[in-house]
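Asker:
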Amino acid sequence: MQTTELDPSLSATLQKAGKDGLLLVIGNKNYSSWSMRPWVAMTAFGIPFREHRILLRQATTADEIAHYSASGRLPILLVGETPIWDSLAICEYLADQFPDLGMWPEDVLARATARSICAEMHSGFAELRSAMPMDIRAYKPGFGRTAGAQADIARVIEIWETCLSEFGHHQFLFGAFSIADAYFAPVVMRFRSYGVSLAPALQAYVDRVQEHPAVARWMREAEAETEVLPD
61 MQTTELDPSL
71 SATLQKAGKD
81 GLLLVIGNKN
91 YSSWSMRPWV
101 AMTAFGIPFR
111 EHRILLRQAT
121 TADEIAHYSA
131 SGRLPILLVG
141 ETPIWDSLAI
151 CEYLADQFPD
161 LGMWPEDVLA
171 RATARSICAE
181 MHSGFAELRS
191 AMPMDIRAYK
201 PGFGRTAGAQ
211 ADIARVIEIW
221 ETCLSEFGHH
231 QFLFGAFSIA
241 DAYFAPVVMR
251 FRSYGVSLAP
261 ALQAYVDRVQ
271 EHPAVARWMR
281 EAEAETEVLP
291 D
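So in the working numbering, spot 195 of the sequence shown is number 255, and the numbers just go up one at a time.
Structure follows, in structure tokens:
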């Protein structure tokens, strides 16, 4: 279990979570794309939390998850004794609790667009997830390029091009790093692992995401894991 260093300015807000603060329950960092999203968001915005990792596809996995939530899925944010499950629900809760951090874009239309693309990522891209699962330690150029995965890649590229040009000023998707970038960070990992070729401007965005301290730290810790899941 790991603890992010406490920012004194957030102490009062975190008191409602109890004396132990926020607990984020995640899966393997190498494989769990859903866990990556809130972890990166919380780390990027300096929200103090403790981390508990549950290994996926083990005989005890379901029972361990059930200890924290009846949902049967990871990630889970425990606020005191109250579980918040689902990565998007966790990010929305955090944005509500810490409005001064600017986790969503400030502009109303940009914020609506950011929520739209996160919702689309949350509910769509099934072929990309299935054919090109997140595996940060892997390097398999060209793997998983089914017709459906290629269509999903094309849609991701369209989203990134639109957001970077209209809102991002060619930095992150909406200028400053936001929940939207954390939400697409696992896609960056997939493109990296499977050698997806991108136009220079989009490759520069991918590089910026990988170099962001929160993402880079997740990647280092994923690469340090030793567990291997079956294909």
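C-beta atoms are modelled at their ideal positions from N, C-alpha and C, and glycine is treated no differently.
Along the beta strand (DSSP E) that carries P273, what are the first and last residues, could you check?
Answerer: For the purposes of this step, residue 273 is taken as residue 213 along the sequence shown, with counting starting at 1. Element bounds for P273: not the beta strand (DSSP E) but the alpha helix (DSSP H), P273 to A284.
Asker: With a CB to CB cut of under 6 Å and the five nearest residues on each side skipped, what residues in its chain are close to A198?
Answerer: The sequence position of residue 198 within the sequence shown is 138, counting from 1. S253.
Asker: Per DSSP, which one or two residues make a beta bridge with L116?
Answerer: Indexing the sequence shown from 1 puts residue 116 at position 56. Partner(s): none; L116 has no beta bridge.
Asker: Can at least three beta-carbon pairs, one atom from the region 161-171 and one from the region 110-129, be found at a separation below 8 Å?
Answerer: No: the two stretches stay apart, fewer than three of their Cβ pairs being nearer than 8 Å.
Asker: Which residues in the same chain as A179 place their Cβ atom closer than 8 Å to its Cβ, once the five residues preceding and following it in sequence are excluded?
Answerer: Against the sequence shown, residue 179 aligns to sequence position 119. So the qualifying residues of the chain are L148.
Asker: Enumerate in chain order the residues of its own chain whose CB-to-CB distance from A274 is below 6 Å, with the five nearest sequence positions on each side excluded.
Answerer: Walking along the sequence shown from the start, residue 274 turns up at place 214. The residues are V100, T103 and A104.
Asker: Tell me the rounded alpha-carbon separation between E111 and P143.
Answerer: Walking along the sequence shown from the start, residue 111 turns up at place 51. Walking along the sequence shown from the start, residue 143 turns up at place 83. Those two C-alpha atoms are separated by around 14 Å.
Asker: Applying the 10 Å Cβ sphere with the 16-neighbour rule, what's the burial state of H272?
Answerer: Taking the first residue of the sequence shown as 1, we reach residue 272 at position 212. Classification for H272: buried.
Asker: Is the beta carbon of W164 sitting closer than 9 Å to the one on S238?
Answerer: Within the sequence shown, residue 164 is the residue found at index 104, counting from 1. Within the sequence shown, residue 238 is the residue found at index 178, counting from 1. Yes, these two residues count as a Cβ contact at 9 Å.
Asker: Where does A259 sit, in a helix, a strand or coil, going by DSSP?
Answerer: For the purposes of this step, residue 259 is taken as residue 199 along the sequence shown, with counting starting at 1. A259: coil per DSSP, three-state reduction.
Asker: D146: which of R133, L154 and D156 sits nearest, CA to CA?
Answerer: The residue labelled residue 146 in the question sits at position 86 within the sequence shown. Comparing Cα-Cα distances from D146 to each of R133, L154 and D156, the minimum goes to R133.
Asker: Please state whether DSSP places A236 in a helix, a strand or coil.
Answerer: By one-based count along the sequence shown, residue 236 stands at place 176. Three-state DSSP puts A236 in a strand.
Asker: Check whether the Cβ atoms of A242 and F234 sit closer than 9 Å, and answer yes or no.
Answerer: Indexing the sequence shown from 1 puts residue 242 at position 182. Indexing the sequence shown from 1 puts residue 234 at position 174. No. Outside cutoff.
Asker: Run through the region 94-152 for me and flag every whole alpha helix (DSSP H) of 4 or more residues, listed as ranges in chain order.
Answerer: Qualifying alpha helix (DSSP H) stretches, in chain order: 121-126.
Asker: Compute the distance between the beta-carbons of A245 and R97, then report whether it is under 9 Å.
Answerer: Along the sequence shown, one-based indexing puts residue 245 at 185. Along the sequence shown, one-based indexing puts residue 97 at 37. For A245 and R97, yes; Cβs fall inside 9 Å.
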